[in-house]
Amino acid sequence: MKQYNRKLLKKKVYIVAMLILSAVIILTLPMWTITHIEVQDNNWYTDEEIIKISMADNNHILNTMPKEVKKQLQRLPYIRDVSVKYVFPGKMIIRVSEREPLGYVPFMGTYLCLDEQGQVIEQTHKDNVALPIIKGVRFSKFKIGEYLPVENEDTLLTGLEIIRILKKHKFENKVKKIDVYNVEQIHLYVDNLDVIIGNIGDFDKKLQWLIEAQDVYDMGVLDLSNIKNGQAILSPIT
Numbered sequence: 088m089k090q091y092n093r094k095l096l097k098k099k100v101y102i103v104a105m106l107i108l109s110a111v112i113i114l115t116l117p118m119w120t121i122t123h124i125e126v127q128d129n130n131w132y133t134d135e136e137i138i139k140i141s142m143a144d145n146n147h148i149l150n151t152m153p154k155e156v157k158k159q160l161q162r163l164p165y166i167r168d169v170s171v172k173y174v175f176p177g178k179m180i181i182r183v184s185e186r187e188p189l190g191y192v193p194f195m196g197t198y199l200c201l202d203e204q205g206q207v208i209e210q211t212h213k214d215n216v217a218l219p220i221i222k223g224v225r226f227s228k229f230k231i232g233e234y235l236p237v238e239n240e241d242t243l244l245t246g247l248e249i250i251r252i253l254k255k256h257k258f259e260n261k262v263k264k265i266d267v268y269n270v271e272q273i274h275l276y277v278d279n280l281d282v283i284i285g286n287i288g289d290f291d292k293k294l295q296w297l298i299e300a301q302d303v304y305d306m307g308v309l310d311l312s313n314i315k316n317g318q319a320i321l322s323p324i325t
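In the working numbering, the protein residues as written are 88 to 325.
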């Protein structure tokens, strides 16, 4: 009986060893190496940049956990979220969700790029930025990837909402600066035209009037704060 048990045990050990050996051999086959990476929904970064940062190319699938790939890519300032999918054999699909820059705020000679939620995407020294600059927002510190800690929150929220409406009308590239220091007396700066819009109320209507009138009024101070009463006043620059 004991001899039978020994033989049975040896047989089980042999089977287990063979299974382990087979698994090791299978896992070392080239089909488990990631040889092709497909990147989807990326605009701010090239496929090559995403693939390089992911550190997944030509790596074994067991050494490339989706959680780690996601962690690596979320270090990029414009990346909000990442999904990773492995497709047998040897293919990985990386789909990214990017932050959409909405505007800038000045900070000590630089500009902070903000997304739609007011999170800081990056800090730039460029003087010629692509989106409107929001002036009048008070803060003393910031951290990239976090919400801008402003003292006067209503100014930032107002500035971001104005840019959203500008984007809806495809007019955000025309407005260089938005001064929200006084949210009851907001100024837009369009080339050489200082546009007073008052508060954000009826801003859609005020903006539509400005879009139609911009070819006529290209210099001076244009007061649209009472446009709901049919009053638009242009004053020359003095």
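No residue lacks a Cβ here, since even glycine has one placed at the ideal position from N, Cα and C.
- Look at Leu201 here: in three-state DSSP terms it is strand.
- Bounds of the beta strand (DSSP E) holding Phe194 are 188-194.
- In the three-state scheme derived from DSSP, where H, G and I count as helix and E and B as strand, Arg251 is classed as helix.
- No Cβ-Cβ contact shorter than 8 angstroms links Leu189 with Leu160.
- Distance from Val216 to Tyr234 at the Cβ level is roughly 20 angstroms; contact not present, criterion being Cβ atoms closer than 8 angstroms.
- By the Cβ neighbour-count rule, Met179 is buried, with 16 or more other Cβ atoms within 10 Å of its own.
- DSSP, reduced to helix, strand and coil, places Asn279 within a strand of the structure shown.
- Our two residues, Ile181 and Glu136, have alpha carbons roughly 12 angstroms apart in a direct line.
- The Cβ atoms of Ile283 and Leu321 do not sit closer than 8 angstroms to each other.
- Rounded to whole angstroms, the Cβ separation of Arg167 and Glu185 is 6 angstroms, and the two are in contact under 8 angstroms.
- Beta bridge pairing from DSSP links Arg182 with Gln127, Ser170.
- Contact check for Ile249 against Ile265 passes: the beta carbons are separated by less than 8 angstroms.
- Straight-line spacing of the CA atoms in Lys172 and Pro153 works out to 8 angstroms.
- A straight-line Cα-Cα distance of about 8 angstroms links Leu294 and His256.
- Nearest C-alpha to Ser170 among Ser227, Glu125, Gln206, Pro164: Glu125.
- When beta bridges are read from the DSSP output, Ser227 appears opposite no residue.
- Assignment of beta-bridge partners to Met306 by DSSP yields Asn279.
- Annotation: Thr151 to Phe175 spans about 14 angstroms, alpha carbon to alpha carbon.
- Note that the C-beta distance between Val277 and Gly246 is not below 8 angstroms.
- Assignment of Gly246 by DSSP, reduced to helix, strand and coil, places it in the helix class.
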